[in-house]
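Asker: Quick one: this structure, given as structure tokens, is what I'll be asking you about.
Numbering (the UniProt record's numbering), first residue to last: 1 to 255.
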């Protein structure tokens, strides 16, 4: 993990395997997130990949080398992926995924867990599970239809064809596309804008969005009322209102 001001830059670093996931890499991601959340000076997180791609998904070479009795994909997801997914979804910090090159399978759906996803112009998202006889995981079957609709989500997963970054942006799968040679710098600059915002408002906004997919409209407006009451009683709200009245930039409280 590299600190850039209030931003924690986390780079998946197995470039020889296009940063394919291993239990050790997933454990390292979880530990890095714990470290970032524990550090009050960190106010935003960026994920990216080392080398020519973001992440090629599960390390199939290592998986194929396991004894048959240990090739339990469900158990692997439960033990190694799900704890990291839970940490990402519960993280109060804004998370940006900067997708360079290919994001395939679990790597694509891992990127889509971020709050804001950006990609390099040459990047592509590939739901490649069907090509190895598997189904979408790492939340893909939940996330994709909510981002691009059921028809597109099904086609992406059943066909397994690469989705170019600019099409992903046009479909609403990701937020923005940056030049490849500026991807990390632009993603960090975006995260620094988030880091300069109200940490409490961002955390509460994330909670509201996380609940919205499962809530009825009535449940959601009741939750918004409770969270807004909490936000309204915070020092950041008092500072934001004062700054607005005084026509100056707000000075937000420490996280």
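Here a beta-carbon is modelled for each residue, glycine too, at the ideal position from N, C-alpha and C.
1) Quick check: the Cα distance between residue 255 and residue 148, rounded to an integer number of angstroms?
2) With H, G and I counted as helix, E and B as strand and the rest as coil, what does DSSP make of residue 12?
3) What does a CB cutoff of less than 7 Å around residue 58 pick up in its chain, not counting 5 residues either side in sequence?
4) Counting along the chain, where does the beta strand (DSSP E) carrying residue 2 start and finish?
5) List the residues that DSSP assigns as beta-bridge partners of residue 45.
6) Opposite residue 55 in the DSSP bridges: which residues?
7) My parser needs the beta strand (DSSP E) runs of 3 or more residues fully inside the region 156-217; what are they?
8) Excluding the 5 residues flanking residue 157 on each side, which residues of the same chain have their C-beta closer than 6 Å to its C-beta?
9) Helix, strand or coil: how does DSSP classify residue 118 here?
10) According to DSSP, simplified to helix, strand and coil, what is residue 124?
11) Could you spell out where the alpha helix (DSSP H) holding residue 17 opens and where it closes?
12) List the whole-angstrom C-beta distance separating residue 120 from residue 178, where the pair is believed to meet the contact cut-off of C-beta under 8 Å.
13) Between the alpha carbons of residue 38 and residue 64, how many angstroms are there, rounded?
14) Rounding to the nearest angstrom, what Cα-Cα distance links residue 235 and residue 92 in this structure?
15) Excluding the 5 residues preceding and the 5 following residue 34 in the sequence, name in chain order all residues of the same chain whose CB lies nearer than 8 Å to its CB.
16) DSSP on residue 82, reduced to helix/strand/coil?
17) Between residue 29 and the rest of its own chain, which residues show a CB-CB distance below 6 Å, the 5 nearest in sequence each way excluded?
18) Buried or exposed: residue 165, going by 16 or more other Cβ atoms within 10 Å of its Cβ?
19) Would DSSP call residue 235 helix, strand or coil?
20) Using the C-alpha atoms, what's the distance from residue 118 back to residue 189?
Answerer: Let me lay it out:
1) The count along the chain shown starts at 1 and reaches residue 255 at position 255. The count along the chain shown starts at 1 and reaches residue 148 at position 148. For residue 255 and residue 148, the distance between alpha carbons rounds to 33 Å.
2) For the purposes of this step, residue 12 is taken as the residue at position 12 of the chain shown. Note: residue 12 maps to strand in three-state DSSP.
3) If you number the chain shown from 1, residue 58 lands on position 58. 20, 21, 105, 106.
4) Position 2 of the chain shown, counted from the start, is the residue given in the question as residue 2. Element bounds for residue 2: 2-4.
5) By 1-based counting over the chain shown, the position of residue 45 is 45. Answer is 8, 95.
6) On the chain shown, residue 55 is found 55 positions in, with the first residue counted as 1. Residue 55 is bridged to 103.
7) 176-178
8) Translated into the one-based positions of the chain shown, residue 157 becomes position 157. Once the five neighbours on either side are set aside, the close Cβ partners of residue 157 are 127, 136.
9) What you label residue 118 is simply residue 118 of the chain shown in a count that begins at 1. DSSP places residue 118 in strand when its eight states are reduced to three.
10) Position 124 of the chain shown, counted from the start, is the residue given in the question as residue 124. Residue 124 falls in the strand class under three-state DSSP.
11) Walking along the chain shown from the start, residue 17 turns up at place 17. Unbroken run through residue 17: none, as it is neither H nor E.
12) Against the chain shown, residue 120 aligns to sequence position 120. Against the chain shown, residue 178 aligns to sequence position 178. Correct: roughly 6 Å between the Cβ atoms.
13) On the chain shown, residue 38 is found 38 positions in, with the first residue counted as 1. On the chain shown, residue 64 is found 64 positions in, with the first residue counted as 1. Their Cα atoms are separated by approximately 37 Å.
14) Within the chain shown, numbered from 1, the residue matching residue 235 stands at position 235. Within the chain shown, numbered from 1, the residue matching residue 92 stands at position 92. Approximately 17 Å between the Cα atoms of the pair.
15) Taking the first residue of the chain shown as position 1, residue 34 is located at position 34. The residues are 87.
16) Taking the first residue of the chain shown as 1, we reach residue 82 at position 82. Residue state, collapsed to three classes: helix.
17) In the chain shown, counting from the first residue as 1, residue 29 sits at position 29. The residues are 84.
18) Locating residue 165 in the chain shown gives position 165, counting from the first residue. Looking at its Cβ environment, which holds 16 or more other Cβ atoms inside 10 Å, residue 165 is buried.
19) Looking up residue 235 in the chain shown gives position 235. Of the three classes helix, strand and coil, the one that applies to residue 235 here is helix, per DSSP.
20) Position 189 of the chain shown, counted from the first residue, corresponds to residue 189. Position 118 of the chain shown, counted from the first residue, corresponds to residue 118. Roughly 12 Å separates the two Cα atoms.
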